[in-house]
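Under my numbering, the very last position in the sequence shown is 170; numbers go up by exactly one each time.
Idealized CB from N, CA, C, for every residue including glycine.
Below you'll find the structure, written out as structure tokens, and then a few comments.
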Amino acid sequence: MGSGPAPRGALAACAATLLAAALTGCSGPDRDAGHDTAPERASGPAAGTPPPATGAAPAPRPTPPEDLCTALITHWAGVALDGDGAGGDPVGLDYQSMGLSGDQYEILRAVLADARAERRAEAPEGTAAADAAARRLAARGARERCAAHHRSAATATATGGPWG
Numbered sequence: 007m008g009s010g011p012a013p014r015g016a017l018a019a020c021a022a023t024l025l026a027a028a029l030t031g032c033s034g035p036d037r038d039a040g041h042d043t044a045p046e047r048a049s050g051p052a053a054g055t056p057p058p059a060t061g062a063a064p065a066p067r068p069t070p071p072e073d074l075c076t077a078l079i080t081h082w083a084g085v086a087l088d089g090d091g092a093g094g095d096p097v098g099l100d101y102q103s104m105g106l107s108g109d110q111y112e113i114l115r116a117v118l119a120d121a122r123a124e125r126r127a128e129a130p131e132g133t134a135a136a137d138a139a140a141r142r143l144a145a146r147g148a149r150e151r152c153a154a155h156h157r158s159a160a161t162a163t164a165t166g167g168p169w170g
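Listed below in structure tokens is the structure:
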């Protein structure tokens with residue numbers, strides 16, 4: 007590999023390739039309209055076929071904050087309820103490691119307290135039915151508390167935000 011200029015033959019070949027690509031690229035399908043305008047590929051009512059799909063997928067919708075809160079709280083409540091028999095902290099993570107804000111962690115703690123009380127009331131020795139009742143209550147409590155939190159946060163200042 008030299009350090010001098012490229013040979014004239016290589017420059018000529020490169021220029022010819024670029025010119026050929028430019029010429030053939032301009033005579034192909036109408037790329038701006040998203041469909042092929044060549045007459046042999048006509049579509050629509052006159053051709054008896056539907057127009058080609060553009061392939062564009064609809065833009066994803068953002069998850070509402072109360073739904074995201076509910077999903078997080080419900081997940082971590084289930085993890086904590088599953089690990090209750092292990093003794094000590096069943097999760098072993100602080101709220102930040104769980105991806106929760108301080109307010110979300112307070113919601114989780116309240117939801118867990120209610121769910122554990124429900125499980126004890128259903129069956130003190132613990133059964134599958136009692137566990138299911140606790141999970142249902144945790145999911146319902148998460149949904150209600152997150153919705154209430156976001157309703158009250160709707161009036162939050164721009165600097166405080168819903169989790170201020």
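Can you say whether Ala127 is buried or exposed, counting buried as having 16 or more other CB atoms within 10 angstroms of its CB? exposed
To the nearest angstrom, how far is the alpha carbon of Asp137 from that of Leu143? 10 Å
Evaluate Glu208 with the Cβ neighbour count: other Cβ atoms within 10 Å of its Cβ, from every protein chain shown; 16 or more gives buried, anything less gives exposed. Because the chain here runs from 7 to 170, residue 208 falls outside it and cannot be looked at.
Thinking C-alpha only, which one of Ala62, Leu114 and Gly98 is nearest Arg141? Leu114
Span separating the alpha-carbon of Arg125 from that of Ser103: 27 Å
Would you tell me roughly how many angstroms separate the C-alpha atoms of Ala123 and Ala116, rounded to the nearest one? 11 Å
Just how far apart, CA to CA, sit Arg157 and Leu74? 14 Å
Using only alpha-carbon positions, find the residue among Ala148, Pro70, Arg67 and Glu72 that is nearest to Asp120. Ala148
Thinking just about the alpha-carbon of each residue, which of Leu99, His81, Pro71 and Asp90 is nearest to the one in Ala145? His81
Under 7 Å Cβ to Cβ from Leu78, same chain only, skipping five residues before and after it: list those, please. Gly105, Leu106 and Gln110
Going by CA-CA distance only, name the one from Ala63, Tyr101, Gly61 and Gly84 that's closest to Ala139. Gly84
What did DSSP end up calling Leu99 once you bin it into helix, strand or coil? coil
Where does Pro6 sit, in a helix, a strand or coil, going by DSSP? Outside the modelled stretch of the chain, which goes from 7 to 170, sits residue 6, for which no answer is possible.
Where do the N-terminal and C-terminal ends of the alpha helix (DSSP H) with Ala65 fall, by residue? Segment: none, Ala65 is in no alpha helix (DSSP H) and carries neither H nor E.
For Ala154, the nearest candidate out of Thr76, Gly108, Asp88 and Thr133 (CA to CA): Thr76
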